[in-house]
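So the sequences go chain by chain: A and B.
Mapping of the first sequence onto my numbering: residues 1 to 543, in sequence order.
Mapping of the second sequence onto my numbering: residues 1 to 543, in sequence order.
We treat Cβ as the ideally placed atom computed from N, Cα and C, and that holds for glycine.
Okay, structure first, notes after.
Number of protein chains: 2
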Amino acid sequence: MERDNTYRHILKWGDKREEEVGHHMVTLIKEKFGLTDADFREKYLPGTDEVRLEKPSLLKPAQADFLRSISGEENVLTDDFHRTQYSCGKFYGELLDLRLKRVPDPPDAVVSPRSHDEVARIVAYCSEEKIPVVPAGGQSSVTGALRAPFGGIALDLTRHLNRIVKINTVNKTVTVQAGIFGPALEAELNRQGYTCGHFPQSFEYSTVGGWVSARGAGQASTGYGKIEDMVVALKAVTPAGVIETRDFPRTAQGWDVFRLFSGAEGTLGVITEVTLHIFNYAPQNTRLAAFIFRSFEQAVESMRRMIQSEYGKPHMFRISDPQETDIAFRTSGFDGTFPDRFLTGLGFKTGSRCLMFVTVEGERDYAGFVMGKIKRSARAGKGMYIGAGPVRKWLAQRYSSAYLRDPLMDLGIMSDTLETAVTWENLLKVWSAAHEYVRHRPRAFLMIHISHVYENGANLYFTFLTPMEKGNEQQDFSRFHSGLVDTILASGGSISHHHGVGRVLAPWMESHLGRSSIELMAAVKRHLDPNNIMNPGGTLGLQ
Amino acid sequence: MERDNTYRHILKWGDKREEEVGHHMVTLIKEKFGLTDADFREKYLPGTDEVRLEKPSLLKPAQADFLRSISGEENVLTDDFHRTQYSCGKFYGELLDLRLKRVPDPPDAVVSPRSHDEVARIVAYCSEEKIPVVPAGGQSSVTGALRAPFGGIALDLTRHLNRIVKINTVNKTVTVQAGIFGPALEAELNRQGYTCGHFPQSFEYSTVGGWVSARGAGQASTGYGKIEDMVVALKAVTPAGVIETRDFPRTAQGWDVFRLFSGAEGTLGVITEVTLHIFNYAPQNTRLAAFIFRSFEQAVESMRRMIQSEYGKPHMFRISDPQETDIAFRTSGFDGTFPDRFLTGLGFKTGSRCLMFVTVEGERDYAGFVMGKIKRSARAGKGMYIGAGPVRKWLAQRYSSAYLRDPLMDLGIMSDTLETAVTWENLLKVWSAAHEYVRHRPRAFLMIHISHVYENGANLYFTFLTPMEKGNEQQDFSRFHSGLVDTILASGGSISHHHGVGRVLAPWMESHLGRSSIELMAAVKRHLDPNNIMNPGGTLGLQ
């Protein structure tokens with residue numbers, strides 16, 4: 001097989017397979033947006049051309065030579081394909097750019113260091129030479145955090161720095177190099193009786209360093225915690241030196257320096273090693289349950305009572321709002337079946353009914369105990385248990401919905417996701433404001449779910465679909481997207497719960513966090529990165 | 001009653017009552033240290049003189065006037081007694097100083113602001129005038145964090161900034177002014193069906209702002225978390241402006257700025273308001289259990305297995321090592337009784353047996369479920385259940401052992417506590433190294449317990465007793481104390497788990513954390529406090 005040097009190869013998710021939108025979903029899209037098969041005859045903006053960059057690499061020959069002398073010839077790439085591949089992540093606007101054959105922010109080279117020491121030498125050299133450095137893991141960022149607006153090098157941590165350093169079974173921790181992907185980590189942990197407990201939708205194509213840098217959350221984060229809850233220690237290379245913290249449990253020796261790197265998104269330095277908590281691997285203990293509620297309000301109230309009851313916690317804990325529930329029912333062929341009519345008869349009606357999915361993991365009796373409590377609470381909250389099947393089905397495809405966006409774009413459908421953390425007090429306000437906003441766009445559809453739950457609030461996760469404005473795709477998207485961000489923030493949501501900020505959400509940072517907080521963050525950055533080489537150009541709103 | 005203006009009044013703990021060392025304990029001390037009643041005929045260094053300061057207040061009249069114009073005449077005190085009262089906390093070395101009529105580091109004035117805005121105006125003014133500001137809560141610090149080596153003002157937050165701002169029952173959070181004491185907070189929460197979940201030994205005489213600044217841990221922290229786990233948001237006045245964070249659950253909007261103030265010990269600014277998670281108040285649900293193990297090693301191994309089993313967690317979770325267990329048995333009159341002989345016959349022998357205390361709180365069935373698991377695990381780990389009584393007894397006197405140090409010092413006994421966070425892997429190493437160190441001092445006694453437990457490790461809490469070297473009390477203490485710190489760090493412990501660093505442990509910070517980390521902390525400090533007015537003079541090792 002010939003090497004696939006196309007934009008399409010770069011923009012596509014995961015294993016690069018060609019996916020199609022399922023039959024039920026296509027019918028729904030046609031119906032909702034008044035489209036016909038004629039609209040889908042050809043793939044829209046397929047991006048099948050071969051990559052060509054107009055910007056030559058601006059790295060001076062001496063600089064490229066020096067980098068090669070550190071990491072070896074084969075680990076310093078300056079060809080168009082690799083520079084394009086490392087010019088972005090998987091943000092909708094970036095995928096659109098690639099389909100439009102635009103590569104606005106390529107790095108000048110892609111460097112794959114072979115050791116922590118090589119990273120240290122590269123960062124020191126780049127700081128001296130004022131060459132930007134953009135650390136890259138699995139490149140699944142959806143926030144524009146991987147762009148190189150000032151060129152420089154993309155520092156690929158996945159090629160070599162991808163090993164497990166140590167599994168410590170006494171402390172129940174694992175130390176890994178930052179460029180290890182989820183599956184490699186999980187497979188070895190499973191072999192030894194443990195799990196990492198962190199399963200973001202990008203799990204198969206994201207790295208521990210990326211998880212920590214962006215403050216990711218996994219699908220079972222309600223039980224296992226977000227990645228920042230799992231970090232015990234880390235090692236990071238900064239232009240001001242190496243920061244290495246130790247694996248003490250909860251100390252009181254000033255504030256936690258390591259926490260600055262969790263959420264820094266590459267702006268402070270390069271995380272090279274991370275020590276994480278690990279958990280017992282016992283999938284046979286996992287209890288599953290799906291419930292249906294008559295309204296989003298009832299489901300949310302029930303969820304809040306469950307998480308605040310102090311009888312233990314679910315691991316995965318989700319609610320799909322009525323819009324998402326309806327899509328789930330329609331695309332699975334459930335609509336109109338006997339069980340559907342049965343549910344409708346009981347008052348669980350299309351347009352208002354909501355699904356709640358729960359897993360409880362851990363020790364066998366604990367999982368049974370907590371699930372028993374959850375079932376009783378659901379009943380008390382007017383939810384109905386509908387079996388474990390829907391959750392099992394959902395888990396079986398837990399990573400595959402990420403493949404849906406590319407074929408949707410092939411159909412000319414704009415589709416993006418946003419998410420926010422919000423207190424219980426403001427949750428319904430943000431939820432209805434977002435729906436209200438999207439209703440104002442003709443032919444637009446929004447579905448929302450909750451997938452990470454805390455004592456004082458939860459996240460809301462927004463997925464919208466709407467036909468692209470052909471010929472004006474970027475501007476139209478950008479306007480629509482930023483209106484949604486404005487709406488979320490104005491009604492009481494945060495900038496992000498687990499996608500991070502990157503460059504896409506950076507413009508909102510100062511007004512959202514306040515000037516004193518942003519100035520404090522900028523001061524930390526100036527100290528660690530005085531020449532502003534670490535992921536420069538707006539990430540986190542620091543410039 | 002006349003006002004008690006003595007050093008003794010200042011140095012004494014809590015409600016200032018005159019305590020005596022119990023009969024059993026005195027017998028033990030005489031026996032262990034070869035002392036007789038003759039040695040105790042008079043209170044040693046009783047500190048009953050009236051306070052007299054040699055250093056006059058260096059505040060210029062115009063400065064004092066300006067502070068009075070902000071906070072009112074009655075809230076700016078410059079008399080000797082108050083300046084002395086605010087010159088220190090409750091570190092052993094400080095108590096000794098007071099007994100020796102030494103006041104090395106008095107502030108020039110004690111100011112009690114009436115509002116957040118007054119704090120802001122005072123901090124801005126002091127920054128301009130380069131007047132040091134030492135924030136003070138309950139003054140229970142045992143790390144020298146409250147001294148004013150460069151004078152300036154002690155900022156007393158307890159007099160006015162001590163109110164509950166809001167109990168949010170939807171988000172299960174409470175917002176308080178930083179100067180509120182534990183009991184006032186807990187009483188109002190209890191009235192509304194909640195608890196703060198944070199019960200340090202200093203609970204009655206410490207404040208929320210102090211808890212957060214020093215990163216305290218409560219007696220039930222294994223279940224409820226340390227104070228830094230409970231902080232949802234805070235408001236702090238810094239010379240560079242007000243930092244105010246919001247109450248979102250777990251966001252990904254850069255790193256958490258509010259976390260810098262947790263552990264800053266007053267070096268970055270003044271925390272004026274804190275929002276904390278709260279918990280359901282249901283003391284009737286609490287399950288108690290005490291176990292006895294044949295050795296410290298067995299007890300620790302059993303505890304580790306319990307916390308790593310993922311069946312839920314105890315709230316209070318403690319082990320007393322053989323030395324502490326023996327003292328507990330002897331001073332309670334248990335030694336030599338029939339049950340004692342019974343235990344001895346079963347192999348739980350004096351000199352090696354260990355007590356483990358457990359409570360499980362929260363929802364009723366959960367408490368029962370987890371306690372059932374703990375009991376089974378204890379049995380599997382060769383521990384024996386000995387009833388709930390010992391735990392109930394311990395809880396009844398949970399805050400009173402803090403009163404013991406003053407009468408011990410009256411007897412001429414040096415007694416101090418240290419504590420560390422350590423991984424399971426290093427725990428026994430630190431434990432035996434500390435005992436080994438203390439064994440080298442003639443007539444010294446060390447007891448150690450574990451009282452805060454995590455998946456990857458625990459704390460060790462050291463209490464030592466030894467006769468003072470009369471006439472050379474400070475130097476002798478200082479040498480002995482720092483040798484113990486050296487020992488703990490060298491064998492794998494951290495500087496502190498929950499007392500904090502202050503000025504006493506500051507000298508170890510750089511070598512312990514590494515130069516890059518300390519420089520990073522210093523850079524944060526320089527940004528927020530460019531004139532170095534916030535708790536200056538070495539706190540946290542920042543100078």
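Here Lys-16(A) is exposed. Its C-beta has fewer than 16 other C-beta atoms within 10 Å. Here Thr-275(A) is bridged, per DSSP, to Thr-175(A) and Ala-233(A). By the neighbour-count definition (other C-beta atoms within 10 Å, threshold 16), His-23(A) is an exposed residue. Spanning the alpha carbons of Arg-515(A) and Ser-494(A) requires a straight line of approximately 16 Å. Taking Met-384(B) as reference, the option from Ser-302(B), Glu-18(B) and Met-409(B) with the minimal CA-CA separation is Ser-302(B). The Cβ of Glu-310(A) sits closer than 8 Å to at least one Cβ of chain B.
Here Phe-258(A) is buried, its C-beta having at least 16 other C-beta atoms within 10 Å.
Within chain A, the C-beta atoms nearer than 9 Å to that of Glu-244(B) come from Gly-514, Ser-516 and Ser-517, in chain order. Interface criterion not met: the Cβ of Lys-90(A) is under 8 Å from no Cβ in chain B. DSSP, reduced to helix, strand and coil, places Lys-166(A) within a strand of the structure shown. Spanning the alpha carbons of Phe-33(A) and Ala-282(B) requires a straight line of approximately 54 Å.
The residues Val-110, Ser-112 and Ala-136, in chain order, have a CB closer than 6 Å to that of Asp-156(B) in the same chain once the five nearest residues on each side in sequence are set aside. Per DSSP, Phe-181(A) lies in no alpha helix (DSSP H) and is assigned neither H nor E. Counting only runs of at least 4 residues, the region 397–424 of chain A fully encloses the following alpha helix (DSSP H) elements, listed from N- to C-terminal order: 405–410.
Going by DSSP, Gly-241(A) is part of no alpha helix (DSSP H) but of the beta strand (DSSP E) stretching over 241–244. Ranked by Cα distance from Tyr-454(A), the first of Thr-251(A), Glu-425(A), Pro-149(A) and Ser-517(A) is Glu-425(A). Ser-320(B) is bridged by DSSP to Leu-355(B) and His-449(B). For Arg-8(B), the uninterrupted alpha helix (DSSP H) segment begins and ends at 7–11. Looking from the CA of Asp-321(B), the closest CA among Arg-250(B), Ser-400(B), Leu-276(B) and Asn-459(B) belongs to Asn-459(B). Using a CB distance below 8 Å, the part of the region 256–277 of chain A facing chain B consists of Asp-256, Val-257, Arg-259, Leu-260, Phe-261, Ser-262, Gly-263, Ala-264, Glu-265 and His-277, ordered along the chain.
Met-371(A) sits in a helix when the DSSP states are folded into three classes. At a cut-off of 8 Å between beta carbons, Tyr-454(A) contacts chain B. Taking C-beta atoms as the reference points, Ile-278(B) and Val-133(B) fail to come closer than 8 Å. Residues of the region 371–397 of chain A whose Cβ lies closer than 8 Å to any Cβ of chain B, in chain order: Lys-373. The beta carbons of Leu-95(A) and Met-409(A) sit closer together than 8 Å.
The region 248–256 of chain A and the region 482–500 of chain B touch, with no fewer than 3 CB-CB distances between them shorter than 8 Å. Per DSSP, reduced to three states, the secondary structure at Thr-36(A) is coil, with no helix or strand assignment. Along the region 203–233 of chain A, the positions whose C-beta sits under 7 Å from a C-beta of chain B are Ala-214, Arg-215, Lys-226 and Val-232, read in chain order. Nearest in C-alpha terms to Glu-42(A), of all of Gly-389(A), Glu-20(A) and Met-25(A), is Glu-20(A). If you draw a straight line from the Cα of Asp-37(B) to the Cα of Ile-374(B), it comes to about 45 Å. The C-beta separation of Ile-271(B) from Ala-236(B) comes to about 5 Å, placing the pair in contact by the 8 Å criterion. For the pair Gln-219(B) and Ser-451(B), the CB atoms are nearer than the 8 Å cut-off. At a cut-off of 8 Å between beta-carbon atoms, Thr-286(A) makes no contact with chain B. Here Asn-456(A) is buried: its Cβ has 16 or more other Cβ atoms, across all protein chains shown, within 10 Å. About 36 Å separates the Cβ atoms of Ile-131(A) and Ile-167(A), ruling out a contact at the 8 Å cut-off.
In the structure shown, Met-468(A) falls within a coil segment according to DSSP collapsed to helix, strand and coil.
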